[in-house]
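Per our numbering, the very first residue in the sequence shown carries number 30; after that it's consecutive.
First the structure, in the form of C-alpha cells, and then the observations on it.
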Amino acid sequence: MSFRTKDSSNDIDKRPDTCPACGKGISPIFCFEHGVDTWRRYEGFLQIVYRCPREECNRLFIAKYINPGYPTGDTLFLNTTYLLDITEYEKFSEFITKISEKFPRIYNQSRIAEENGLDMVAGPGYRKALEFLVKDYLVKTSPELEEKVKKAQLGDVIKLITDTRIKSCASRAAWIGNDETHYIRVWEDKDIEDLKNLIKMVVDWIDLVERSKEYEASMPGKKFSN
C-alpha cells in the first residue's frame, strides 16, 4: 500500500496481523492514515488507523510505521500497534492518597498498560502498586518500623500488619502478583482481575479501619447528659 504525506509518498512493509485489543490473528480493515513530517525527513512517521474485523472485538487501533534509519527507498516499516482508548483513571479517596502518594499513580499507569493490551507488564505494575501501598501504610501507622519495612520483601512486610482482614487480602494479592512476575504460575486459576479485586479490597479495608480509628479516637467514650 502507498500513502502520501505532505512532502512525499511512502509504501508500508506490511499490515498488522494481530489485534492489540483481543490478541487474535486478523487481516485488519483500513480506516484512515496520518503522516507526521519533521524537518529531518527520516524522523517522520506514518500512523494508520485500522479496525479489527472480528465481530467479538471490532476495536479501532493505530499502527505506527517508521523509517528504520538505513536506506530502504520510500518504504516505512511497522513499528508498533496500540489502542485508541482513553483510560479513565481509578479514583482513590483522599485518605488513601495521603497514606501512599505514589500508589494511585502506579496503579493507574498499570491500568493504562492493561487497557492498551500490554497485559504482560500490567500485572507486575499492579503488584508494584500493592507493594507501595502496603509499605507506605505500615510506615504511616508504625513509623518505628520504617527502616525494616523499606528493606524487607513484600511478603515479610505483610506479616507485620496487625489487622487480619487487611493482612489476608494483601497476602493473597501478593501471591497472585508474584505469579505475574515469575516464570512459573502457582495460582493457575487466578488472573489479573483477581489481583485487582484483592488490591481494591486492601484499599477498602485500610480506608475503613483507619477511618474507624479516627472516630474511636475522637469519641473515646459515651457522653452522658445531666
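We put the CB at the ideal spot given by N, CA and C, even for glycine.
Would a C-beta distance cut-off of 9 Å place residue i and residue j closer than the cut-off?
i	j	result
I190	Y155	no
T110	D40	no
K179	K169	no
K256	K188	As displayed, the chain neither begins before 30 nor continues past 255, which places residue 256 out of reach and without an answer.
D42	Y94	yes
Y118	P133	yes
C60	R44	no
A199	L174	no
K53	C86	yes
S122	D236	yes
Could you give the C-beta distance for residue i and residue j, rounded to a whole number, given that I count them as a contact under 8 Å?
i	j	result
F90	L75	Actually they do not touch by this definition, with Cβ atoms about 15 Å apart.
Residue i: which of the options sits nearest, CA to CA?
i	options	result
I125	P249, V231, D40 and C86	V231
R83	Y94, S56, I95 and L107	S56
Y192	I205, E175, E239 and Y244	Strictly speaking, residue 192 in this sequence is Asp, with Tyr absent from that position. Cα-wise, what sits closest to D192 is E239.
G146	I221, K229, I228 and K252	I221
K229	E209, A202 and E62	A202
E160	K120, I205, F253 and I77	I205
N207	E62, Y244 and G152	G152
Q182	Y244, R194, K157 and E243	K157
F106	I77, I213, S122 and A50	I77
A50	V215, I141 and H211	I141
L162	M248, D148, W234 and R88	W234
D148	K225, V215, A92 and K131	K225
Under a Cβ-count criterion, where at least 16 other Cβ atoms within 10 Å of its own Cβ denotes burial, should residue i be classed as buried or exposed?
i	result
R69	Note that R69 scores a pLDDT of 44, beneath 50, so its modelled location is shaky and nothing firm can be said.
Y136	buried
E143	buried
D218	exposed
V186	buried
S129	buried
G139	As written in the sequence, residue 139 is Ser, which differs from the Gly given in the question. Counting Cβ neighbours within 10 Å, S139 comes out buried, since at least 16 surround it.
K251	exposed
G64	buried
D36	With a pLDDT of only 46 at D36, under the threshold of 50, the placement of this residue in the model should not be trusted; the figure read from the coordinates follows. By the 10 Å Cβ count, D36 comes out exposed.
E209	buried
Which residues share a DSSP beta bridge with residue i?
i	result
Y79	F59 and F90
F121	BP columns for F121 are empty, so no partner.
Y111	I91
L105	I41
G54	T47
With 9 Å as the threshold, decide whether the Cβ of residue i is near any Cβ in chain D.
i	result
I205	Absent from the structure is chain D; it holds one protein chain and no more.
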